[in-house]
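Visitor: Before anything else, here's the structure in question.
Put into structure tokens, the structure is as follows:
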């Protein structure tokens, strides 16, 4: 997955028409503070994560407006709640393709800019698996479908950014089920989270 991310970054930089001098690369780390979720296939579940480390290529499309193309590596765990007779754990991963815009035309103070971002997410692949209480795999998936959005407000100072984010994603692991409960019920995760985001511009 890391190799795929590096390949995407190189290709994106090569095909952008504005030239390398206009291109910026942004690395972001969202840190969730609170998350609500619905995990189909699990009982009274708890969600651990999600973690989502991403990078994207930014290029100007208008004054103070940048278009972003990027990917992020998503990971999360879903665990059945207390009191469930047979407990299962879902280990979920996805490579997320991101397309969005950033606006930074508002200057708060000297050298400090307000950055507004809106991005849509599309999972392009990623493994998932379900494990029983003994850690044995009972089901797995090699692909994932779904969509999502990401919005943030941050303050930029030089190459650094810090602010707040809100995101919602729906991920469906169509090949993955819990056969003991319902072999036809696909595992899916719908979650909304908000928190702090830290970024660095190259």
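Residue numbers (my numbering): 250 to 451.
Quick reminder that beta carbons are idealized off the backbone N, C-alpha and C, glycines included.
Does the distance from the CB of residue 390 to the CB of residue 425 come in under 7 Å?
Guide: Their beta carbons are under 7 Å apart, which means residue 390 touches residue 425 by this criterion.
Visitor: Are residue 415 and residue 443 touching if we call contact CB-CB under 7 Å?
Guide: It is a contact, given that the beta carbons lie within the stated cut-off.
Visitor: Using 8 Å as the threshold, is the stretch 351-368 in touch with the stretch 399-415, meaning 3 or more CB pairs across them?
Guide: Yes, the stretch 351-368 touches the stretch 399-415.
Visitor: Rounded to whole angstroms, what's the CA-CA distance from residue 352 to residue 283? Just pull it up for me.
Guide: Taking the straight line joining both Cα atoms gives about 26 Å.
Visitor: My understanding is that residue 387 touches residue 432, with C-beta atoms under 8 Å, so please give their C-beta distance in whole angstroms.
Guide: Contact doesn't hold; Cβ gap of about 11 Å is too wide.
Visitor: Would you mind working out which of 421, 406, 380, 385 sits nearest residue 397, comparing C-alpha positions?
Guide: Of 421, 406, 380, 385, the residue nearest in Cα terms is 421.
Visitor: Roughly how many whole angstroms lie between the Cα atoms of residue 357 and residue 343?
Guide: Between residue 357 and residue 343, the C-alpha separation is close to 37 Å.
Visitor: When you compare only the Cα positions, how much space is there between residue 438 and residue 373?
Guide: Roughly 16 Å separates the two Cα atoms.
Visitor: If you run the structure through DSSP and keep just helix, strand and coil, what is residue 267?
Guide: In this prediction, residue 267 has a pLDDT of 46, which is less than 50 and means its spatial position is unreliable; what the coordinates show is noted afterwards. Residue 267: coil per DSSP, three-state reduction.
Visitor: Would you call the CB atoms of residue 306 and residue 274 closer than 7 Å?
Guide: Yes, Cβ-Cβ distance for residue 306 and residue 274 is below 7 Å.
Visitor: Per DSSP, which residues does residue 431 bridge with? Please list them.
Guide: Its beta-bridge partners are 427.
Visitor: Cβ of residue 327 within 7 Å of Cβ of residue 294?
Guide: In contact: residue 327 and residue 294 (Cβ atoms closer than 7 Å).
Visitor: DSSP three-state call for residue 351: helix, strand or coil?
Guide: DSSP places residue 351 in strand when its eight states are reduced to three.
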